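There are 2 protein chains.
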Amino acid sequence: MQIVVGDRAPVMADVARVAGVSQQTVSRVLNDRPNVRPATRDRVMEAIRELGYRPNAAARTLVTRRTRTLGVISFNTTLYGPASMLYGIEQAAKQHDYFVTVAALAAMDRRSVFEAVERLRDQAVEGIVAIAPQTTAVGALANMPSDVPLVAVGCGVHAPLSTVAVDNEAGAERATSYLLDLGHRTVHHLAGPRTWLDAQEREVGWRRALTVRGARVPEPFKGGDWSARTGYELGRQIVGDADVTAVFCANDHLALGLIRALQAAGRRVPEQVSVVGFDDIPDAEFFGPALTTVRQDFDELGRRALVALIRSIGGGRRAGEPVAAIDPSLVVRASTARPAP
Amino acid sequence: MQIVVGDRAPVMADVARVAGVSQQTVSRVLNDRPNVRPATRDRVMEAIRELGYRPNAAARTLVTRRTRTLGVISFNTTLYGPASMLYGIEQAAKQHDYFVTVAALAAMDRRSVFEAVERLRDQAVEGIVAIAPQTTAVGALANMPSDVPLVAVGCGVHAPLSTVAVDNEAGAERATSYLLDLGHRTVHHLAGPRTWLDAQEREVGWRRALTVRGARVPEPFKGGDWSARTGYELGRQIVGDADVTAVFCANDHLALGLIRALQAAGRRVPEQVSVVGFDDIPDAEFFGPALTTVRQDFDELGRRALVALIRSIGGGRRAGEPVAAIDPSLVVRASTARPAP
DNA sequence: GCGCGAAATGTTACCGCTAACACTGCACCG
DNA sequence: CGGTGCAGTGTTAGCGGTAACATTTCGCGC
């Protein structure tokens, strides 16, 4: 029930008048300050309700210098991972009473990153979460002269920034070891775009697992993006090679494309070739065959990033923060099996 | 290069002092007002650069009463559709020089919707885009007493709100007709959650296509969500029925689950059963078999919603706006074929 | 009944910006 | 050569809050 006083939304002074107190007392009530008599507080609350009063955020920000707003920079919110992180971030922000504004990157170059940060700073965000797992973006962010606290999420534990990330290397190592355990002599790798830190780290993990076990390290197949299409195209190179009995893919979409390419060429999964993905997107369980993959909890990742950011706003620190790595788990399904004898 | 004057970020007065003009002249330069001599403008610009001055958004908002901020309410940004729309919205907002803040819904009930709107109003957004295609959400939004312009996107052309949507009925009708054209006697339907308008409209379109062609209208299979898992579970009911030769699914994920269930039961797709999806998610082409589906351009949807909203902010109108429906197209791939003779 | 300190409330001065109006100086006019 | 008009600039008064300080009210001991 909003009663408009004189054609304009009610302000604190209106509330004060109705409640018969000073403006300052209204402010005290609104901010839960002590030294307000309960009876007075009640009168003020009543007046607020009666008038449908709503504090003016801009005025408050002007004097307190706090916007309670955080920015999220994201390259492609369309991907399952980034979208989930955004969701987790927003959830956590709500709990901590922050607003979230998003800035999508037009492209992945330095300039776009710079512009996005500028855009957010124009809006006076108190901190920024970057969902920007590409090396170029990370580099740009790290070199950004800015007094705004910044946390990068899901972009590799080795970034020169405060980061919250899944331990990609551990996940990749686990997946690769699992395939070796099944009896495969070696494991091939269908890599993600080399500009993404996650892709790089997964490759490192894969390579290490092979090295540790003394297996041959074949040349990885490198894709330009994370899509099923790319998986399919690289898969067509792979099908020719009868040597390949196990492939660790940098994500689930690539794995899907690969499986399709293998099947199109008459190679059976997992009987002739085992395939492992990464991410555990909701569909992965229903690929044909159900995909063995490395699960990461994007939601949790987003939440943790936000908590880290808020802590850093309080503390005022920035780069070089301790890194929080979440340990991913291997989910074994039907796309992997012992190699044919 | 930010030079801090006396420990505080520079303000307009600092710029004025450095440029040797009044504060008002600085304001004029910043807002592209006429009647400033070019030489003066240059001096001011130089001072701005020198000081690293950045206008204070809160102060400006306080006096202009404009936040240049739009709110987006979204239930589950994790789904491909909503995530893409959000992306499109942000792109368009950037072009129109608006900020976008998001409010994810905790649950899909009236209260959550109400809270999200309140949250956005607290932040003084100038308009709201709701990506909330559920009937309950639409109902809640339509009844929300609020002076903030609101546009709902992707939530069915029949909503009592300004909407921008894909013509679900037309898409469903097209898919169903196509299957009938192939020679199927009838087409079964794997429906989406009945609380979503999109699901309802797709069912209506399917039903109409059958009716128009005089085909039998079988009872649709109804799912509780849009996931592949649900598609799989409903699929297990379907596999028993040898009568089923063609199924139109309310989205691609359901179709994936269904295909898996069919194949698990030894029924071949498309030889024994044809399957059609809806959305054309990027993976759809690489399902086994590649999925015939109805493509909708989520990105474009988001963009159009934003443009509609901005127009409505300018005009000041609200509900009952003309509806903009985008026509979806059928993409024929390998999951559909003539029925076995 | 009075003085005293703490609790409750009011007053005043900004926060950084823009709108409205006031003031310059100069070209142009009769 | 004094008015007139207008481009260019400065001055003043808020926008709606909060912080800091000033003031009043109240409970309580003597």
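As you go down the protein sequences, you meet chains H and A in turn.
Residue numbers for the first sequence follow my numbering, beginning at 833 and rising by one.
Residue numbers for the second sequence follow my numbering, beginning at 833 and rising by one.
All C-beta atoms, glycine included, are put in the ideal place defined by N, C-alpha and C.
What you are looking at is a predicted structure, and each value in this text was computed from that prediction instead of being measured.
The three-state secondary structure of A:LEU1123, taken from DSSP, is coil. Judged by DSSP in its simplified three-state form, A:ALA891 adopts helix. For H:GLY959, there is no enclosing alpha helix (DSSP H); the enclosing beta strand (DSSP E) covers residues 959–963.
Near chain H, meaning a CB-to-CB distance below 8 Å, the residues of the segment 1051–1079 of chain A are SER1059, ALA1060, ARG1061, GLY1063 and TYR1064. When secondary structure is reduced to three states using DSSP, H:LEU1090 falls in the helix class.
For H:ALA969 against H:VAL934, the beta-carbon gap comes to about 15 Å, at or over 8 Å, which does not count as contact. For H:THR995, the enclosing beta strand (DSSP E) covers residues 995–998. In the three-state reduction of the DSSP assignment, H:GLY903 falls in the strand class, which pools E and B. For H:VAL934, DSSP records a beta bridge to H:VAL904 and A:VAL932. Three or more pairs of CB atoms, one per stretch, sit closer than 8 Å, so the segment 897–917 of chain A contacts the segment 947–958 of chain A. If you draw a 10 Å sphere on the C-beta of H:VAL850, you find 16 or more other C-beta atoms in it, and that means buried. At a cut-off of 8 Å, the C-beta of A:GLY1134 has no neighbouring C-beta in chain H. By the C-beta criterion, the segment 1075–1092 of chain H is judged to be in contact with the segment 1123–1130 of chain H, since at least 3 inter-stretch pairs fall below 8 Å.
Inter-segment contact for the segment 1036–1053 of chain H and the segment 1110–1119 of chain H is absent: fewer than three beta-carbon pairs are separated by less than 8 Å. As the crow flies, the alpha-carbon of A:TYR912 is around 7 Å from that of H:TYR912. Ranking A:ARG1170, A:PRO977 and A:THR1008 by CA distance to the CA of A:CYS1081 puts A:THR1008 first. What A:PRO842 touches in chain H, judged by beta-carbon distance under 9 Å, is nothing: the nearest beta carbon there is about 13 Å away. Comparing alpha carbon positions, the residue from A:PRO870, A:VAL861 and A:TRP1038 closest to A:ILE880 is A:VAL861. Of all C-beta pairs linking the segment 999–1008 of chain A to the segment 1028–1045 of chain A, three or more are shorter than 8 Å, placing the two stretches in contact. If you check the CB distance, A:GLY920 and A:PHE1130 come in under 8 Å.
In this structure, the beta-carbon distance from H:GLY1072 to H:LEU1022 does not fall below 8 Å. As the crow flies, the alpha-carbon of H:LEU973 is around 52 Å from that of H:ALA871. About 5 Å separates the beta carbon of A:LEU937 from that of A:PHE907, a gap short enough to meet the 8 Å contact definition.
For H:MET877, the closest alpha carbon among the candidates H:ALA984, H:ALA924, H:ALA1078 and H:MET844 is that of H:MET844.
As computed with DSSP, H:LEU1162 is found in a beta bridge with H:VAL1126. Taking a Cβ-Cβ threshold of 9 Å, the residues of chain H close to A:ARG953 are ARG886, in chain order.
DSSP, read as helix, strand or coil, puts A:LEU1022 in strand. Excluding sequence positions up to five before and after H:ALA1172, its CB lies within less than 7 Å of the CB of GLU1103 and GLN1104, all in the same chain and listed in chain order.
Along the segment 860–871 of chain H, none of the residues has a CB nearer than 7 Å to a CB of chain A. For H:SER978, the closest alpha carbon among the candidates A:ALA841, A:ALA1169 and A:PHE1118 is that of A:ALA841.
Excluding its 5 nearest sequence neighbours in each direction, H:PHE1119 has C-beta neighbours in its own chain below 6 Å: LEU1088, listed in chain order. Nearest CB-CB separation between H:GLU922 and chain A: below the 8 Å threshold. With its beta carbon at least 8 Å from every one in chain H, A:GLY986 lies outside the interface.
Taking 8 Å as the cut-off, the Cβ atoms of A:ASP929 and A:LEU883 do not count as close.
Contact annotation for A:GLN1095 against chain H: GLY1120 [CB-CB distance below 8 Å, chain order]. One alpha carbon belongs to H:THR896, the other to H:VAL980, and they sit about 17 Å apart.
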